[in-house]
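**Q** In the working numbering, the protein residues as written are 83 to 243.
The structure follows.
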Amino acid sequence: MRHFAGLALIAVLALAPPAAAEPKPSVDPDLVKSDIALLQDEGKATAEFQRRLRDQVSFRDGVLVIVDRTGTTSGVTVMPATVMWGVDCSDSGIAVTFGAGSGDTDNGIVLQLTGASISDDKCIRLAPVVGATLLAITKGNPPGGNPPGGNPPGGNPPGDH
């Protein structure tokens, strides 16, 4: 009987919506206007979206510390660095989703980097760079640097020449 009760509990937990599921935050219209202007210079836009991502996601001792500064209420979520993630880029802007689902299903944690509409042509160029930045974060690589305690890419450990 205990076995069936345990299975029933597992089934209920598996079917329940994730505790971290959050509604999409509303986007600040003033920020959207400034981001539309920012997107005229893709180099500056890319650097700004990478900065926003790094400002909200960090790696610490094998976990991601996610500080949502995009909504009306801020919050901190800690997840394993191996969590599934994705970058969504569309007419709704660029968003990064952590956990199950996508930005369309409101499952998991969604960080909206911009709410400005972005064409598919620009998405093809911007989203992979944002994704590569997030991948580096999940591996514990600091911006433009080496992993903590790691060697430079293709290089020798410090002092080993």
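All C-beta atoms, glycine included, are put in the ideal place defined by N, C-alpha and C.
For clarity, every value in this text was computed on a predicted model and none was experimentally measured.
(1) Just to check my reading of the structure: residue 176 and residue 139 have Cβ atoms closer than 8 Å, yes? What is that Cβ distance to the nearest angstrom?
(2) How far does the alpha helix (DSSP H) with residue 121 in it extend, from its first residue to its last?
(3) Between residue 159 and residue 148, what straight-line distance do the alpha-carbon atoms span, to the nearest angstrom?
(4) Express the C-alpha separation of residue 145 and residue 199 in angstroms, rounding to a whole number.
(5) Could you compute how far the alpha carbon of residue 192 sits from the alpha carbon of residue 179?
(6) For residue 89, which residues of its own chain have a beta-carbon under 8 Å away from its beta-carbon, when the five flanking residues on both sides are left out?
(7) Rounded to whole angstroms, what is the Cα-Cα separation between residue 166 and residue 123?
(8) Can you tell which of 173, 161, 195, 201 has the C-alpha that lies nearest to the C-alpha of residue 182?
(9) Per DSSP, what are the beta-bridge partners of residue 161 in this structure?
(10) Once DSSP output is grouped into helix, strand and coil, what is the label at residue 200?
(11) Nearest to residue 194 by alpha carbon, out of 137, 207, 164?
(12) State buried or exposed for residue 117, treating a residue as buried only when at least 16 other CB atoms are found within 10 Å of its CB.
(13) For residue 221, which of 131, 164, 133, 127 has the nearest alpha-carbon?
(14) With distance defined between alpha-carbon atoms, name the residue in 113, 203, 207 nearest to residue 134.
**A** The answer reads as follows:
(1) 14 Å between Cβ atoms; not a contact.
(2) Counting along the chain, residue 121 falls outside any alpha helix (DSSP H), and DSSP gives it neither H nor E.
(3) Going by C-alpha positions, residue 159 is about 5 Å away from residue 148.
(4) 31 Å
(5) 4 Å
(6) The pLDDT assigned to residue 89 is 38, lower than 50, so where the model puts this residue is not dependable, and the model offers no usable value.
(7) 30 Å
(8) 161
(9) 146
(10) coil
(11) When the alpha-carbon of residue 194 is set against those of 137, 207, 164, the nearest one is in 137.
(12) buried
(13) 164
(14) 113
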